[in-house]
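Numbering (the numbering used here), first residue to last: 9 to 176.
Every residue, glycine too, gets a C-beta built ideally from N, C-alpha and C.
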């Protein structure tokens with residue numbers, strides 16, 4: 009055994025491809041929903057680019073900043089349009105959670121690891137929880153009298169935060 013070399017694959021800490029692509033596509037879709045005006049589109053573009061850079065560099069802080077910027081663009085552009093607001097915010101949460109999970113998996117098992125099942129289960133769970141939270145918020149909004157309900161918007165934002173905390 010002396011002098012014999014063993015080939016060991018080098019650990020590649022980049023995020024797995026499925027989570028990276030899924031997170032970036034969700035961020036692009038959220039940005040597209042937020043791009044009602046040129047200003048909102050520019051804000052969403054900056055946030056989406058930051059999510060992409062964060063995924064490329066495997067930086068959780070940059071991904072979080074980018075998702076936050078896209079969320080600001082969504083709130084700025086779609087605050088009066090409930091269905092678009094709920095949809096875009098759900099896409100932002102999906103992008104952030106998928107990116108966070110991909111970065112963690114990249115650090116733990118690397119890009120070469122077999123992570124597709126784990127990522128699929130995580131993505132389906134995220135969509136389910138975000139859909140339930142967003143759908144519940146929309147039902148509260150529709151059940152209140154009047155056109156604009158501060159309670160519904162507050163509950164919606166609380167559900168977005170709760171989803172993010174639960175899936176962390």
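*Among 83, 19, 56 and 132, which has the Cα closest to the Cα of residue 36?*
Of the candidates 83, 19, 56 and 132, the one whose C-alpha sits nearest the C-alpha of residue 36 is 56.
_Rounded C-alpha distance that separates residue 49 from residue 40_ = Between the C-alpha atoms of residue 49 and residue 40 there is a straight-line separation of about 7 angstroms.
*Compare the Cα-Cα distances from residue 26 to each of 133, 162 and 124 and report the closest residue.*
Cα-wise, what sits closest to residue 26 is 124.
_Using only the alpha-carbon positions, how far apart do residue 113 and residue 38 sit?_
When rounded, the distance between both Cα atoms is 24 angstroms.
_Am I right that residue 86 and residue 79 are in contact with their C-beta atoms under 8 angstroms? What's the rounded C-beta distance?_
So it is not a contact: roughly 11 angstroms between Cβ atoms.
_Of the residues 95, 127, 82 and 145, the one placed nearest residue 28, counting alpha carbons only_ = Looking at 95, 127, 82 and 145, the one whose alpha-carbon comes closest to that of residue 28 is 127.
_Selected residue, minimal CA-CA separation from residue 31, among 73, 104, 23 and 72_ = Here the closest residue by C-alpha is 104.
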